[in-house]
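Report on one structure; see the data block that follows.
In structure tokens, the structure reads:
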């Protein structure tokens, strides 16, 4: 593979104008396709096969009028008892009339007719039924709904439209651009050259632009969840910058070694590019592997992110060499350009001392010597520290995002808080029970039985009278819990209701509603998590065994990955669920983690962890194979890779951290968890524990049974085959 990429890199430089032109054409075509073919994103998280989803499907088929999105308008009078006066009732009647005539609304329910008024006569709830699902409600319809009650507000009443209909697409603003700005600063400091930093950033932005445009172009044919494009953008930016950084860094070193720009690019793509391809492949495989858990919206999210990563890899190994060809030696700082131009190579192929003498005083070498000298204490302290960070992990609770954790001041949060204030938390997470019989008589016979069972169930506050479909075969109950939608008692209630309905004959009884859907999705994802984790760990061991021809190195890498995941979960639970230091990330209200965060985090962190493992340990193996002792190889690998890996990790942390400033708690938690995970894996696990363990293992780290060595294919990530291909050639100079 290294030899093939070497030729690809040289070819891209020679035909740099054509390569740049082709990528610009791809970018323009993808942009036009996105503008014309883009479809809407979905804000709901459906789970085929669950009881809640089967109930929704049944309603859509047999009771369409009740299958659309619902809205709840909470009304608060200026004083107690005012809803009982003629003037107060007139205000509410006007509001109900206004809501029932909104575009897309089937009807609105008078709160006085159904008893949705508090005993103190100050709060009322107006139920609004839309004709279509939440994802099909247009922006114009949603805006009209949010503006209902203007005349009541003018009289001093509080009117707060809420409900599932307010679900929308998270907005990407300017705050996450701070992460890109920090990444640019890191690149300038790392390279000491505006040209090198600028070209690396430009390359990454072109790649993420093409990837995102292609994703939006496909959204017309494939339904994307609202978080899928943001995840793809987040990951595409981070890996795009990192992959370009690795290749540019190796190219600059090759120039300092006295190679011509063409030869330098070829060898950079052949060596660092091989690692980029492998690293990108691991990320893509891990993300595409989300399809194994058979959860449609998660599969789409994984494939969307995998697509942007694939584009980032292709851009790094084709467009980056072309751009480097235009830059020539200007990718180097001014003080080093003369060294690169005058460098000479001896007859035996060694490079002049002025270009290649290793500066053993650099931080990477000094840190490696310190870690290997005190390897046992370093390992113990690292394990203890990560273990302490992981302590909150067993308390992790999962759920879907709700209005209770929305940003303070948002319409959904205002409505939720007002409803809770007047009626209690249970009214914000109502359940729906669907009774379906083959005949109207069977349904009618089941309705009183279901009503009695619901009323006897613990933690049920109220049961609304059944609504019958026009043909009488389907009935719909509203059930109000005493506790909120994310409360553990509500989850228990869902299971209790389902368990109590087993004795109903001649009719199917199904429980659904936004709260029940969230519980079903979370449980399905929790069940899939161990399977996916086992798949990822097994995959990491196999892939690293191919790369490093070792048994212990892959096992060590997999254990390090598990440490990273456990500590990341622990910190995320402590901040986003338990509320510790929540103000630092701008979190208004702690709550359960978004249900797909753990499994998504495992997939992404796996790929990124393998990035750093390959870039650091491949140099260790290279030096060990060429005669250095295990300790010397460890120090050399760290010394050469620490600066680049540090820059790469800081860039990823910056990009992911930029999304923490968004108001949406789901995106905020994703950005935070990924930033923390990268920081732990890069700086604690890969750059501290890994070299300590490698020096402790010594030569045993590279042991592999002969029969297994013969059976494994040679993927040549380190470019050993490329060195053999070039060993008889004298590097070209300019």
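Numbering (UniProt numbering), first residue to last: 1 to 734.
Think of the CB as a built atom: it goes at the ideal place given N, C-alpha and C, for glycine as much as any other residue.
DSSP, read as helix, strand or coil, puts residue 662 in coil. Annotated three-state conformation of residue 76 is strand, per DSSP. The DSSP assignment places 375-389, 411-423, 440-456 as complete runs of the alpha helix (DSSP H) inside the segment 370-457, in order along the chain (cut-off: 4 residues). Using a Cβ distance threshold of 8 Å, residue 217 and residue 252 do not count as a contacting pair.
At the C-beta level, residue 435 and residue 509 come within 8 Å of one another. Under the three-state reduction of DSSP output, residue 489 falls in the helix class. The beta carbon of residue 462 is closer than 6 Å to those of 480 in its chain, skipping five residues each way along the sequence. Boundaries for residue 141: no beta strand (DSSP E) harbours it, while the alpha helix (DSSP H) harbouring it runs 139-146, taken from the DSSP string.
Cα atoms of residue 588 and residue 24: separation of roughly 43 Å, rounded to the nearest angstrom.
For the pair of segments examined, the segment 523-538 was found not to touch the segment 626-634: the number of CB pairs separated by less than 8 Å stays below three. No Cβ-Cβ contact shorter than 8 Å links residue 665 with residue 377.
Contact check for residue 287 against residue 316 fails: the beta carbons are separated by 8 Å or more.
The three-state secondary structure of residue 593, taken from DSSP, is strand.
Counting C-beta pairs closer than 8 Å gives fewer than three between the segment 186-204 and the segment 272-279, which falls short of the contact rule. The segment 408-425 makes no contact with the segment 390-398: fewer than 3 CB pairs, one atom from each, lie closer than 8 Å. Counting only runs that start and end inside the segment 152-220, the alpha helix (DSSP H) elements of at least 4 residues fall at 177-191, 194-218.
For residue 7, the closest C-alpha among the options 183, 186, 263 is that of 263. Taking each of 246, 458, 603 in turn and checking the Cα distance to residue 231, the smallest one comes out for 603.
Here residue 698 has 630 as same chain residues with Cβ atoms under 7 Å from its own Cβ, once five neighbours each way along the sequence are excluded. The segment 114-133 makes contact with the segment 74-92, as at least three CB pairs between them are under 8 Å. Per DSSP, the beta-bridge partners of residue 508 are 436.
Proximity to residue 143 across 161, 460, 668, 590 peaks at 161, based on C-alpha coordinates. Only residues of its own chain outside the window of five on either side were considered, and among them 13, 16 have a CB closer than 6 Å to the CB of residue 325, listed in chain order. Annotated three-state conformation of residue 705 is coil, per DSSP.
The beta carbons of residue 166 and residue 512 sit no closer together than 8 Å. At the C-beta level, residue 499 and residue 601 stay beyond 8 Å of one another. The shortest CA-to-CA distance from residue 335 to any of 384, 465, 191, 236 is the one to 191. For the set 537, 75, 105, the Cα lying nearest the Cα of residue 111 is the one of 75.
By the beta-carbon neighbour count (other beta carbons within 10 angstroms, threshold 16), residue 709 is exposed.
It is roughly 43 Å from the alpha-carbon of residue 593 to the alpha-carbon of residue 20.
Under the 10 Å beta carbon count, residue 157 is surrounded by 16 or more other beta carbons and is classified as buried. Going by DSSP, residue 474 is part of the beta strand (DSSP E) stretching over 474-481. Secondary structure within the segment 88-135: the alpha helix (DSSP H) runs of 4 or more consecutive residues, fully enclosed, are 111-114 (chain order). Distance from the CA atom of residue 478 to the CA atom of residue 51, rounded to whole angstroms, is 16 Å. The criterion of a C-beta distance shorter than 8 Å is not satisfied by residue 258 and residue 236. Put simply, the backbone Cα of residue 54 is about 54 Å away from that of residue 3.
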